[in-house]
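Quick notes on the structure that follows.
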Amino acid sequence: MGRRLAVLWAVLLVVLLAPMPASAQEDGARPQGATLRVGLQQQIDSLNPFLGYSLAATDIFRVIYPTLTTYSPDDFSVMPELAESWESSPDKLTWTFHIRRGVQWSDGQPVTARDAAYTFNRMMTDPAAATANGNFVENFDTVTAPDDTTLVIRTRTPQATMLAIDAPIVPEHVWSKVADVASFANDQMPVVGSGPFTLTGYRAEQDITLTANPNFWRGAPKIAQLQFIQFKNSDAAVQALRKGEVDVVQKLTPAQFDALAGQDDITQVRGQGRRFYELILNPGATNSENAPIGTGHPALRDVRVRQAIDHAIDRQVLVDRVLGGYGQVGGGYLPPIFADFHWTPPQPRTFDPAAANRMLDEAGYHRGPDGIRRTPQGEPLNFDFVLHGDEPADAQVGEFVKRWLADLGITVELQPVSDNQLNDRTTAGDFDMVISGWSANPDPDYVLRLQTCAARPNPAGGGTNDTFLCDQQYDDLYHRQLAEFDPARRADLVKQAQARFYEQAAGLILYYQNSLEAYRSDRFSGFTLQPRHDGVIVAQQGYWGYYGAEPTEVALKGAASTDYTAVAWVLGGAVVLVGVVVALVVVRRRATADTRE
């Protein structure tokens, strides 16, 4: 026994006294010693990049995993990322991407074209892997990697979005061992990625910690860590910002944003948002086999009822009262920030309660003795309205809509729930009315697809749909824009699709809110905004905001001489120490067991 203990202690001393790796000693091979703390006010639906599609999750994926291309921080134009160049065949069916050499996964393995081919093939063959980003590969015929630096994608029909494939690419040597994507949490730290940061810590409903990747091909970030701290609501996040407990907060309410004006060491950022805020009216949810699902009220299957409800909503009041003027009245599906694709209804359904009441009367939905309208079959128009429970804007919008619909003889029950519950109920069609919203990409295809028949869930669940709209005319326009490479003609088709979506009134675009943010300017500067004019820090199309952050002397105070790579090495020694202690315990337990037996 004594001899074995002596050997183990000797191993421990070798570990702790061993020289640090060269990377820890080289100037410039490590980031600066500061942690950028971001207040997070949305639940993360999954850390699995095949499954997660919430704004919070995709924001994190973009700093961990590579994509073939990315969007310029200046103007959203396409620029190289993992693929440094590309070309297509004359018929636009074969695309060849040339993968950047020298890029490494965070575990030291090279990133190759084979990783991209594996990722896309997994999405093409495994329904679970297609949950979040399956629309990108629906039209793919084959994906191959003839060598480590060449990726060849052949599509069934021409696809105009080939330079906008925003799906995270994962390491084959890690994910090929995952048999069941649907049940894989991807929460074993560290998570292997190749972006500017590596996911190294996760405490559910508390925080997520990412450590700067010193081997990132663009160069190491200037901060040591990026931490997302969970808050139940924006009030708590703002208080933490005031106290210096976090450095960046987004999704501020207008009142919070105004209250921060002139505050010492806090800088406000008002950007044009990429997000639309939407009221969904369940048009009769069905799954991919056209089987009815969910609990939607039958009256909402009637487009006349949905259009009448739209006439009862005063969007300008919502912009003025809910947004405090920080936004624009909604109309078309795509936000004004993407001017090439934004569409405004030439004859919008304006706020007109008299017209709404007349439309319902003419459609046969008459008021009963109690003043409540009923279907021709006698069922009262009582709607449940599902809201995000921790979003102040949802509560305000809910009260306005409830009051306006009461004037039509329609009763509304407000049902605030958690983010994940809202997502689950929306996917299951378990609602009459629900608040939704998506952040549009510079290429509109992803959000346009949300309204197609193909986006509906299959009988086992899944799918990434928005309103459960399944309309052949809309689908035809969607597929035509996907195959159109002429920018002007494609933009026209996209606007025609939006016009059809507007006509069907399954999703009422209420407004486009500005993105209101604030950060501790005493601790950080240099944030890259996207786009350069009227842009934002958080929820970008890329990692630019976090990657560009520069710590000030205040943030570096007390850490200026700290070698974070050395700290990681010492922590590695501590892990070994724990392992040695465990080994010692095992030795003792075995000895005791031997004695007993």
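If you use mature numbering (1 follows the signal peptide of the UniProt record, and there is no 0), the sequence shown corresponds to residues -24 to -1, 1 to 573, in order. Every residue, glycine too, gets a C-beta built ideally from N, C-alpha and C.
query = Considering residue 470, what are the terminal residues of the alpha helix (DSSP H) in which it resides?
reply = 463 to 480
inquiry  = Going by DSSP in three states, residue 111 sits in which element: helix, strand or coil?
reply    = helix
ask   = Should residue 239 go down as buried or exposed, given a rule of 16 or more other Cβ atoms within 10 Å for buried?
value = exposed
request  = Measure from the alpha carbon of residue 90 to the alpha carbon of each residue in 59, 65, 107 and 111, then state which is nearest.
outcome  = 59
ask   = Expressed to the nearest angstrom, what Euclidean distance is found between the alpha-carbon atoms of residue 121 and residue 93?
value = 6 Å
task = Assess, as a yes-or-no matter, whether the segment 246 to 255 is touched by the segment 486 to 498 under the definition of 3 or more beta carbon pairs within less than 8 Å.
result = yes
ask   = Using DSSP with H/G/I as helix, E/B as strand and the rest coil, what is residue 205?
value = strand
key: Meets three-Cβ-pair contact criterion under 8 Å: the segment 362 to 371 and the segment 279 to 291   = no
task = Mind checking who residue 387 pairs with in its DSSP beta bridge?
result = 358
query = Does DSSP put residue 100 in a helix, a strand or coil?
reply = helix
message = According to DSSP, is residue 529 part of a helix, a strand, or is it coil?
response = helix
ask   = Can you tell which of 201, 234 and 242 has the C-alpha that lies nearest to the C-alpha of residue 219?
value = 242
request  = State yes or no: is the C-beta of residue 272 within less than 9 Å of the C-beta of residue 263?
outcome  = no
inquiry  = I need the straight-line Cα distance from residue 426 to residue 360, nearest angstrom please.
reply    = 23 Å
query = According to DSSP, what are the bridge partners of residue 304?
reply = 488
Contacting residues, own chain, Cβ-Cβ under 6 Å from residue 420 (five flanking each side not counted) = 310, 317 and 470
inquiry  = At the level of alpha carbons, what is the spacing between residue 191 and residue 79?
reply    = 8 Å
query = When burial is assigned at 16 or more other CB atoms within 10 Å of the CB, is residue 51 buried or exposed?
reply = exposed
key: Closest Cα partner of residue 524 within the set 86, 196, 31 and 147   = 196
Burial state of residue 533 (16 or more Cβ within 10 Å) = exposed
Coil, strand or helix - residue 595 by DSSP = Lying outside -24 to 573, the shown extent of the chain, residue 595 is not represented and no answer is given.
ask   = What do you get for residue 379, buried or exposed, if any count of 16 or more other CB atoms within 10 angstroms of its CB means buried?
value = exposed
task = Taking only the alpha-carbon atoms, compute the straight-line gap between residue 395 and residue 227 and give it to the nearest angstrom.
result = 15 Å
ask   = Between the C-alpha atoms of residue 577 and residue 170, what's the straight-line distance to the nearest angstrom?
value = With the chain covering only -24 through 573, there is no way to say anything about residue 577.
inquiry  = Under DSSP, the alpha helix (DSSP H) around residue 522 begins and ends at which residues?
reply    = 520 to 523
inquiry  = Using a Cβ distance threshold of 8 Å, determine whether the segment 429 to 446 contacts the segment 284 to 292, with at least three qualifying pairs required.
reply    = no
request  = Jot down the residue ranges of each uninterrupted alpha helix (DSSP H) in the segment 220 to 279, minimum 4 residues, whole runs only, in chain order.
outcome  = 230 to 235
query = Under the rule that 16 or more other beta-carbon atoms within 10 Å means buried, what is residue 82, buried or exposed?
reply = buried
inquiry  = Is it buried or exposed, residue 355, if we count other Cβ atoms within 10 angstroms and call 16 or more buried?
reply    = exposed
task = Using the Cα positions of residue 551 and residue 522, report the straight-line distance between them to the nearest angstrom.
result = Residue confidence is low: residue 551 scores 32 on pLDDT, short of 50, so the model does not pin down where it sits. No coordinate-derived value is stated.
task = Inspect the beta-carbon positions of residue 108 and residue 160 and report whether they are closer than 9 Å.
result = no
query = Roughly how many angstroms separate the alpha carbons of residue 299 and residue 30, rounded to a whole number?
reply = 22 Å
key: Assumed close pair residue 205, residue 16 - CB separation to whole angstroms, cut-off 8 Å   = 6 Å
task = Would you grab the beta carbon distance between residue 514 and residue 506 for me? Rounded to a whole angstrom, and I think it's under 8 Å.
result = With 8 Å as the limit, residue 514 and residue 506 do not qualify as a contact, their Cβ atoms being about 10 Å apart.
ask   = The alpha helix (DSSP H) spanning residue 341 covers which residue range?
value = That residue, residue 341, is in no alpha helix (DSSP H); it is neither H nor E in DSSP.
query = Going by DSSP, which residues form a beta bridge with residue 500?
reply = 527
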